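**Q** Sharing a structure below in structure tokens format, with a few things to ask.
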Amino acid sequence: MSDDDGRTPTLGRRLLLTGAAAGLTAELASTALSPTPAAAAQAAPPPAPMRRFANKVVVITGATSGIGRAAAIAFAREGAKVGFCGRRENLGRQVEREIRAAGGTATYIKADVRVPAQVESFVNRVAQLYGGLHVAFNNAGIQIAKPMHELTVNEWDDVTHTNTRGVFLAIKYEVPHLKRSGGGVIVVTGSANEFASRPGLGAYSASKGGVTGIVRTAALDYGPDGIRVAALSPGTTDTGLADARRPPNVTDAQWAQAKAAFGAANVDALRRLARPEEMAAAALALASPDMSFLTGTSVVVDGGMLAGL
Ligand SMILES: NC(=O)c1ccc[n+]([C@@H]2O[C@H](COP(=O)([O-])OP(=O)(O)OC[C@H]3O[C@@H](n4cnc5c(N)ncnc54)[C@H](OP(=O)(O)O)[C@@H]3O)[C@@H](O)[C@H]2O)c1
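Residue numbers (our numbering): 1290 to 1598.
Printed below as a string of structure tokens:
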């Protein structure tokens, strides 16, 4: 054994521990009939689940899968009434059923964030259904990875219209409701690609850089109305977006191995990909009253990936 600094032998510490143990024995002998703290903890009921969003109305874009799905489930578990969208109706209905079966409140509404009328109608319907709006998680996003000379103009537009213009549209239609509620929170899913890129991610990085600008400006525009605006900037997370880069003819086991190898090689601190539930937990933290002074910034949750660049 060695001391904490790894240089000195631990005779002094051992003596200290021995002394502490002797004291503890005497103390235990004098309170023999009282339950030990460990036994008391065992007998205690489990802590009540957190209900930070009880009766709050939350809208989420892009919650048919991945981070958005995990966030819809987590917000509902903490008492929120959740309205969420996405284009894949079968998956949306599945998430809705799952939340309701667990006793939560949620409604799926089919909407495409690239289409202004659909975003407006989605947000208004949720606010009408649940009586207002308090939190927005603007999360819908896609990635198309190609060198820029191979990217079609339609592909460029698709990525930027979903990831950047879609966020603008969501905020545009959410803010009047948030103001009517006397304030609220907007969390936008950015990316570590707001700050660094990889080959083939021109459109994606541009779209997420746009999110950085939107979040900072919206925070300034709406801070006086009591609306906080922040970006959650994930590192690589194990979702459909990551799976879109799966090469053909690769087995599930090989792909799982490839993702683990990517995490080990690229995420310098934690050496793995994030789970969608970890990103959802970060989104809830940013939206919660615990973060009442956080606005106009991006919070990177990347397992130390950028730290190691
Ligand atoms: N996974 C990562 O490594 C990673 C890293 C950093 C940031 N992010 C960001 O995290 C967010 C969520 O992605 P994810 O990783 O959870 O991937 P995902 O499982 O593919 O989820 C993307 C979600 O966005 C929705 N969506 C896409 N286009 C849409 C559109 N036009 N209208 C409405 N909804 C749309 C999808 O629903 P439908 O297909 O049903 O429409 C889906 O629910 C994205 O903004 C992404 O850029 C992901």
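The beta carbon of each residue, even a glycine, is placed where N, CA and C say it ideally should be. Since the structure is predicted, the reported quantities are computational estimates derived from the model, not experimental observations.
Measuring only the C-alpha atoms, how far is residue 1594 from residue 1524?
**A** By one-based count along the sequence shown, residue 1594 stands at place 305. By one-based count along the sequence shown, residue 1524 stands at place 235. Those two C-alpha atoms are separated by around 7 angstroms.
**Q** Quick one: give me the first and last residue of the beta strand (DSSP E) that residue 1395 is part of.
**A** Locating residue 1395 in the sequence shown gives position 106, where the first residue counts as 1. Taken as a continuous stretch (DSSP letters only), the beta strand (DSSP E) holding residue 1395 covers 1394 to 1399.
**Q** Use the C-beta contact count for residue 1540: other C-beta atoms within 10 angstroms, 16 or more gives buried, fewer gives exposed.
**A** The count along the sequence shown starts at 1 and reaches residue 1540 at position 251. Answer is exposed; the Cβ neighbour count stays below 16.
**Q** What I want to know is whether the C-beta of residue 1446 ends up closer than 8 angstroms to one or more non-hydrogen atoms of ligand 1.
**A** Against the sequence shown, residue 1446 aligns to sequence position 157. It does not: the Cβ of residue 1446 is nowhere closer than 8 angstroms to a heavy atom of ligand 1.
**Q** Would you identify the three-state DSSP class for residue 1340, choosing helix, strand or coil?
**A** One-based indexing of the sequence shown puts residue 1340 at position 51. Of the three classes helix, strand and coil, the one that applies to residue 1340 here is coil, per DSSP.
**Q** For a quick check, are the C-beta atoms of residue 1366 and residue 1422 less than 9 angstroms apart?
**A** Taking the sequence shown and counting its residues from 1, the one referred to as residue 1366 is at position 77. Taking the sequence shown and counting its residues from 1, the one referred to as residue 1422 is at position 133. No, the Cβ-Cβ distance between residue 1366 and residue 1422 is not below 9 angstroms.
**Q** Which first and last residues belong to the alpha helix (DSSP H) in which residue 1381 is found?
**A** For the purposes of this step, residue 1381 is taken as the residue at position 92 of the sequence shown. Residue 1381 -> alpha helix (DSSP H) spans 1378 to 1390.
**Q** Please determine, among 1378, 1380, 1377, 1397, the residue with the shortest C-alpha to C-alpha distance to residue 1371.
**A** The residue given as residue 1371 occupies position 82 in the sequence shown. Residue 1397 is the option with its Cα nearest to residue 1371.
**Q** Give a single yes or no on whether residue 1490 has its beta carbon closer than 8 angstroms to a heavy atom of ligand 1.
**A** Looking up residue 1490 in the sequence shown gives position 201. The answer is no for residue 1490.
**Q** Skipping 5 residues on each side, what residues in its chain have a beta carbon closer than 8 angstroms to that of residue 1515?
**A** Sequence index remark: in the sequence shown, residue 1515 carries index 226 (1-based). Cβ neighbours of residue 1515 beyond the five flanking positions: 1471, 1472, 1473.
**Q** Just reading off the alpha helix (DSSP H) that residue 1506 is part of, what are its end residues?
**A** One-based indexing of the sequence shown puts residue 1506 at position 217. Note, residue 1506: alpha helix (DSSP H), 1491 to 1511.
**Q** Comparing C-alpha positions only, which one of 1360, 1405, 1406, 1401 sits nearest to residue 1384?
**A** Your numbering for residue 1384 matches position 95 in the sequence shown. For residue 1384, the closest alpha carbon among the candidates 1360, 1405, 1406, 1401 is that of 1360.
**Q** When you compare only the Cα positions, how much space is there between residue 1484 and residue 1521?
**A** Within the sequence shown, the letter at position 195 stands for residue 1484. Within the sequence shown, the letter at position 232 stands for residue 1521. Near 13 angstroms, if we compare the C-alpha coordinates of residue 1521 and residue 1484.
**Q** Would you check whether ligand 1 has a heavy atom nearer than 8 angstroms to the C-beta of residue 1564?
**A** Residue 1564 sits at position 275 when you count from the first residue of the sequence shown. Checking the Cβ of residue 1564 against ligand 1 gives no.
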